[in-house]
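Sequential numbering of the sequence shown, starting at 1, is according to full-length UniProt numbering.
Here's the structure, in structure tokens; my notes come after.
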Amino acid sequence: MSVSALIEPITGKPGIFTLPGAANWMQGRTLYGGASALIAFTQAIRAFPGLPPLRAAQIGFVAPVGETVELSAEIVRQGRNVTQLRSEIRCEGQLALTTFLLFAEPREANAVHAATIPADFPPPPEECEVMPTDRGPGFIANNFELRRAQDTSGPGAPVVRRWARLKDVSGLDPISELVLMGDVLPPGAMRAMRRQGPISSINWSFNLLDTTPSTESGWWVSENASQHADDGYSSERLRLWNSAGKQMLDGMQSAAIFG
């Protein structure tokens, strides 16, 4: 079932909704974080049509998100150029996810500095090894294609980089696609783990660097890199590039490293 079918019931009005095909997006006992973030984002833009482009988001993964959700969205402040908005998901009456979204009109640039293309940017996806998707969470195998985008594998530098694309993007706008895909990889700290164990995202914040993102054939390069890991947690930097090496998203995340 396509992701557009997952979010189709969302009207923007506050209320309780059952999400069709949610089982295809589960990560253990909760909905995959990118899908949960997309649900909250969709609630916001359908509640308040005509918003400026999304520029940034802060997302807290509070509790498991299931098939039946209670959605709400409210404008916190609306200025001449910037609108700040809160969108939340509740399950069984308890807060499960909270997002703070920043939408802003473009202004005349007073500072211009483009993100640099990594020196080790991978070759095109058709030249890269196909990655098996049946060893991880079910939502990966159900919805994504992955290809290796780094030379190393196994233990080593705590960085995970992959070419990734959705199997079905029908009916999904480019910004929604990035919200859905920005959290697709496991934490880079998994490559520094001394033994296998569960991992879980606690939060996610990101800035969009391009409000009209595009890429070739649906392929994006996604990277999670641990900046510091200790005491059972990892501070991660999350980045997403298009097929030409232009960075689209820059983010951070705190991940719990169990085991």
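By construction, the Cβ of each residue, glycine as well, lies at the ideal position given by its N, Cα and C atoms.
Just so you know, these numbers come straight off a predicted model, no measurement behind them.
Comparing alpha-carbon positions, which option in the options lies nearest residue i?
i: Asp-120; options: Ser-4, Ala-255 and Val-221; result: Val-221
i: Phe-258; options: Ser-226, Ala-244, Leu-240 and Arg-194; result: Arg-194
i: Trp-25; options: Ala-56, Gly-138 and Leu-249; result: Gly-138
i: Arg-135; options: Ile-16, Pro-20 and Gln-27; result: Gln-27
i: Ala-35; options: Leu-6, Lys-13, Arg-46 and Phe-17; result: Leu-6
i: Leu-97; options: Ala-63, Pro-118 and Leu-85; result: Ala-63
In whole angstroms, what is the alpha-carbon distance linking residue i and residue j?
i: Cys-91; j: Arg-165; result: 29 Å
i: Pro-158; j: Gly-33; result: 21 Å
i: Phe-48; j: Val-76; result: 12 Å
i: Thr-116; j: Gln-247; result: 8 Å
i: Ala-149; j: Met-131; result: 10 Å
i: Ala-56; j: Pro-174; result: 15 Å
i: Asn-242; j: Phe-61; result: 26 Å
i: Met-190; j: Asn-142; result: 22 Å
i: Pro-20; j: Ala-111; result: 45 Å
i: His-228; j: Arg-162; result: 21 Å
i: Leu-238; j: Thr-18; result: 30 Å
i: Met-252; j: His-113; result: 20 Å
i: Ile-140; j: Asn-224; result: 16 Å
i: Arg-147; j: Gly-245; result: 16 Å
i: Gly-79; j: Thr-133; result: 44 Å
For my contact list, residue i and residue j are in at a C-beta cut-off of 8 Å; report their separation, rounded to the angstrom.
i: Ser-200; j: Ile-59; result: Not confirmed; about 14 Å, so no contact.
i: Val-69; j: Thr-30; result: Going by Cβ atoms, the distance from Val-69 to Thr-30 rounds to 11 Å, so no, they are not a contact pair.
i: Ala-192; j: Ser-226; result: 6 Å
Would residue i and residue j be called neighbours here (beta carbons separated by less than 7 Å)?
i: Glu-108; j: Asn-81; result: no
i: Gly-188; j: Val-160; result: yes
i: Ala-255; j: Glu-236; result: yes
i: Leu-249; j: Leu-185; result: no
i: Leu-54; j: Thr-83; result: no
i: Ser-4; j: Gly-182; result: no
i: Ser-2; j: Asp-168; result: yes
i: Glu-74; j: Ala-22; result: no
i: Ile-16; j: Arg-46; result: no
i: Ser-72; j: Pro-123; result: no
Is residue i near the ligand MG, judged by its Cβ being under 6 Å from some heavy atom?
i: Ala-96; result: With respect to small molecules bound, the structure shown includes none, and the ligand MG cannot be examined in it.
Decide if the segment 32-43 is in contact with the segment 96-107; the criterion is three or more beta carbon pairs, one per stretch, under 8 Å apart. Contact between the segment 32-43 and the segment 96-107 is present, with at least three C-beta pairs closer than 8 Å.
Decide if the segment 76-96 is in contact with the segment 118-133; the criterion is three or more beta carbon pairs, one per stretch, under 8 Å apart. Result no; under three Cβ-Cβ pairs closer than 8 Å.
Does the contact criterion of 3 or more C-beta pairs under 8 Å hold for the segment 168-182 versus the segment 201-221? Yes, since at least three Cβ pairs between the segment 168-182 and the segment 201-221 fall closer than 8 Å, the two stretches touch.
Spell out a yes or no on whether the segment 82-91 and the segment 221-236 are touching, meaning 3 or more CB-CB pairs, one atom from each, closer than 8 Å. By the Cβ test, the segment 82-91 is not in contact with the segment 221-236, since fewer than three Cβ pairs between them sit closer than 8 Å.
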